[in-house]
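Residue numbers (the working numbering): 69 to 660.
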Amino acid sequence: MAGVDEHQIRQSALWGHMTQVLAQVIRERPANAMDALSAASNHLLSGSAVPPTKGKMYVDPRPTARAEAPIDSFTSTRWAANTNTALAPPRPPRRPRRADGENDEEEEDDASANAGLDGQPRIDLADHPGTLSDVVMEQQYFNMVGLGLPRVEAYRLLVGLRQLIRSEPLSSVRFWGVVTGSSYDYYVAECQVDAERMQENADMNGEGDEDGDMEEEEEHAPVSKIADVLCTVARGRLARRGPRPSTPAEEAGTGLNAMCYYASTSADPTTWTRLPDVSPHHITVARALRCRFSGNFDAPVHGHPRFMGSEKHYLRAQIARITSACRIAPVQTFTTEGAVPDAEEEEGAPAHPPPTAVPAYSVVPPLLPQEMPDEEDTDAIAAVQAWFTGYSKEELMQTKGWSHIAPSVLSCGRVTTALAEEEEEQEPADGEGENGQGDGASTSEPPPPPPEPEMVAPFLCDISLDAPLSFTGHSRAQLAAWTFRKAYEVEGSQTSVYVAKSLRWPGAATYAVTTTGRPGASYQMMYYGTGLKDMQGAYYAPPLPAPCCHEYVEAPGEFDGQWDCTIDEELRYAPPPPRPEAEEEEDEEEDV
């Protein structure tokens, strides 16, 4: 063809159509290839081997707009990119340099291969040093009883958790659960901080030098900057109303702050935000509130009493409450010391049953894993018979087969008492008067009696001690706070899966996998719910505000009215009029 080159012919639609027709004929190999060309062409054009006999009665001449990209297409693309980054194998260690400072040709090739398209070096994807739980396997156990996350969502969470443990100085990361919200859901990860990695990051970033520079800048700060800071602090104090928290918060790494928590939204499970440490004020106020989550970390929490914080503080408080109430494990998995006060036993007297309530702890008892007893020691084996035999008699289908492994939260919002700290702070104030001398009247009075300690359930107690639930109109007066299910197992299988679900906190569940003849069981806890406690069929009523203060009581004659004075009386006590200026000048000349 004149004026048409080979490139234009190969790019034409006819060339592509004939290529597909010939490919189909070669693939099917009909008996009469020439007659099959027409049928193959019609099949590719209209989807049928026979050409259509009737056309469309009406064809819209306007062009049809293409469908827009799906809403989650960009999210999926970003997640796919993070997947390649998170699941890439670690890079091999680089070879040492030569003594003369030159590199081998192979090292130069490796360096060029490790560089990106823009010439920048790629991120070193060394394997993370911490411990990461297998989210996919954990959710498979929950799926056996109809709980847990789908496999695709669990895989996405695994990728996000690997990103988290590589980017943050953490020694262990575990998937805690999902808290649903109106806009987005929260994915929560329970982590333990690695002190060694944190110190390494601080040394690399030079935080110590920055602190010194900041102190020098603050010393020589201009007056305008200091005024701005004071105004900001004053504005924050005016905006914060309500009772100030009086109970001291627990230090990081102890009590309710023993673990740190990170959260991400369902929009991007690879971006994590660290939740702040919980304070007693947040715990006590969260008990009186019932607010659903929105999915925005910075959203305000409306309600009475006033919650001093945003939604991330409220989320952290609910996580602490759920973890304390629903963190359980198969019985005899752990042991402790000092959880129950030692009682004096008389010789020959029958053993007393363990107490159901003990005074609040000043220090949380240690949680120690169960040790393997000696096979010849029958008494030691009998004490842990259920754990030693792998719970072969289905002890995990009863409340006595599970125990709490988290301390109870006190009414003050802590797991340990704060009386010792308050007494230490009050000792110097009580022993000195206004001028630093002791007050004789105060020393003569007897000190007030100490308050009675709060009674809580003993550490590592059975979940059978949990208060039962009662629903109005239910056929049963009381319901157990926990329900149990056993997953389906093939006949002859040695492995069993048990799941315990909480009715007081709907959505909290714990699975336990046991093997016949093998001591112990593997377990894990997960939460999937709204983050709110069950109301047992009652309607929520917010607490009433505090009663109004009494009016000021007037003393007799304190505010009695008096007669107003007359004009003459006012002029009598009025100051003299000012002197004219001319007289003042004459007085000055006379003085000279």
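Backbone N, C-alpha and C fix where the C-beta goes; we use that ideal spot for every residue, glycine too.
Using DSSP's beta-bridge definition, name the partner residues of Thr-583.
According to DSSP, Thr-583 bridges with Thr-563.
Output needed for Asp-348: all residues of its chain with C-beta closer than 7 Å, excluding positions within five of it in sequence on either side, in chain order.
According to the sequence as given, residue 348 is Pro; it is not Asp. So the list reads Pro-313, Thr-315, Ala-317, Cys-480, Gly-481, Arg-482, once near-sequence residues are dropped.
Tell me the residue span of the alpha helix (DSSP H) that contains Cys-259.
Per DSSP, Cys-259 belongs to no alpha helix (DSSP H); it is in the beta strand (DSSP E), 254-261.
On a Cα-Cα basis, can you pick out the residue from Thr-485, Gly-458, Tyr-607, Glu-622 that is closest to Ser-590?
It is Gly-458.
From the beta carbon of Ser-314, is the nearest beta carbon of chain D less than 9 Å away?
Here chain D cannot be found, since the structure has a single protein chain.
What whole-angstrom Cβ distance do Met-327 and Gln-260 have, given they're in contact under 8 Å?
Confirmed, Cβ separation roughly 6 Å.
Is the region 452-467 close to the region 592-607, with three or more CB pairs under 8 Å?
Verdict: no, contact absent.
Where does Ala-497 land, buried or exposed, given buried means 16+ other C-beta within 10 angstroms?
With a pLDDT of 45 at Ala-497, under the threshold of 50, the modelled position of this residue cannot be trusted, and the question is left open.
Does the contact criterion of 3 or more C-beta pairs under 8 Å hold for the region 226-240 versus the region 611-626?
Touching, no, given that fewer than three Cβ pairs across the two stretches are closer than 8 Å.
Any idea what DSSP makes of Pro-613, helix, strand or coil?
Note: Pro-613 maps to coil in three-state DSSP.
Looking at the secondary structure, which residues open and close the beta strand (DSSP E) in which Trp-550 lies?
Start and end: 550-554.
Just mark Asp-534 as buried or exposed, buried being the case when its beta carbon has 16 or more other beta carbons within 10 Å.
Label assigned to Asp-534: buried.
With DSSP collapsed to three states, give me the class of Ala-397.
Of the three classes helix, strand and coil, the one that applies to Ala-397 here is strand, per DSSP.
For Leu-217, which three-state DSSP category applies?
Residue state, collapsed to three classes: coil.
Apart from the five residues just before and just after Pro-344, which ones in its own chain have a Cβ nearer than 7 Å to its Cβ?
Once the five neighbours on either side are set aside, the close Cβ partners of Pro-344 are Lys-380, His-381, Arg-384.
On a CA-only basis, which of Thr-583, Leu-547, Trp-550, Arg-242 is nearest Glu-462? Give me that one, please.
That would be Thr-583, whose Cα lies nearest to the Cα of Glu-462.
Between the region 445-455 and the region 546-556, do at least 3 Cβ pairs fall closer than 8 Å?
The region 445-455 vs the region 546-556: no contact.
So, with DSSP's three-state summary, where would you put Tyr-209?
Helix.
With C-beta atoms as the reference, is Ser-334 less than 9 Å away from Tyr-254?
Yes.
Pop quiz: Ala-397 and Ser-471 are said to be a contact at Cβ under 8 Å. What is the actual Cβ separation, rounded to whole angstroms?
So it is a contact: roughly 6 Å between Cβ atoms.
From the DSSP output, read off the bridge partner residues of Gln-592.
Bridge partners of Gln-592: Tyr-579.
Check the DSSP bridge columns for Asp-530 and list the partner residues they point to.
Note: Asp-530 sits in a beta bridge opposite Ser-471.
Out of Glu-236, Leu-528, Gly-245, which one is the CA nearest neighbour of Glu-221?
It is Gly-245 whose Cα lies nearest to the Cα of Glu-221.
Pick out whichever of Ala-606, Ser-240, Thr-485 has its Cα sitting closest to the Cα of Pro-518.
Minimum Cα distance to Pro-518 is reached at Thr-485.
What does a CB cutoff of less than 8 Å around Ser-392 pick up in its chain, not counting 5 residues either side in sequence?
If we look at Ser-392 and ignore the five residues flanking it on each side, its Cβ neighbours are Leu-324, Ala-474, Pro-475, Ser-476, Val-477, Val-483.
Take Phe-365 and list the residues in its own chain whose beta-carbon comes closer than 7 Å to its own, dropping the five residues that flank it on each side.
Answer for Phe-365: Thr-341, Ser-378, Glu-379, Lys-380, listed in chain order.
For Gln-453 versus Thr-403, is the C-beta distance shorter than 9 Å?
In this structure, Thr-403 does not lie closer than 9 Å to Gln-453 by Cβ.
Just to check my reading of the structure: Ala-257 and Tyr-329 have Cβ atoms closer than 8 Å, yes? What is that Cβ distance to the nearest angstrom?
Yes, Ala-257 and Tyr-329 are in contact; Cβ-Cβ is about 7 Å, under 8 Å.
Let's test the definition: count the other Cβ atoms within 10 Å of the Cβ of Pro-514 and tell me whether it reaches 16, buried, or not, exposed.
Classification for Pro-514: exposed.
Do Ile-351 and Ala-576 have their C-beta atoms within less than 9 Å of each other?
No; because the gap between Cβ atoms is not below 9 Å, this pair is not in contact.
Rounded to a whole number of angstroms, what is the C-alpha to C-alpha distance between Phe-527 and Cys-617?
Rounded to the nearest angstrom, the two C-alpha atoms are 43 Å apart.
Rounded to whole angstroms, what is the Cα-Cα separation between Ala-354 and Thr-338?
The straight-line gap from Cα to Cα measures roughly 28 Å.
Just the C-alpha distance for Ser-251 and Gly-363, rounded to the nearest angstrom, thanks.
Taking the straight line from one Cα to the other gives about 5 Å.
From what residue to what residue does the alpha helix (DSSP H) around Thr-87 run?
First-last of the alpha helix (DSSP H) with Thr-87: 81-96.
Identify, in the order they occur along the chain, each residue of the same chain with its Cβ nearer than 6 Å to the Cβ of Gly-249, setting aside the five sequence neighbours on each side.
Answer for Gly-249: Phe-361, Ser-362, Gly-363, listed in chain order.
When the distance is taken between beta carbons, is Pro-423 closer than 9 Å to Glu-405?
No; because the gap between Cβ atoms is not below 9 Å, this pair is not in contact.
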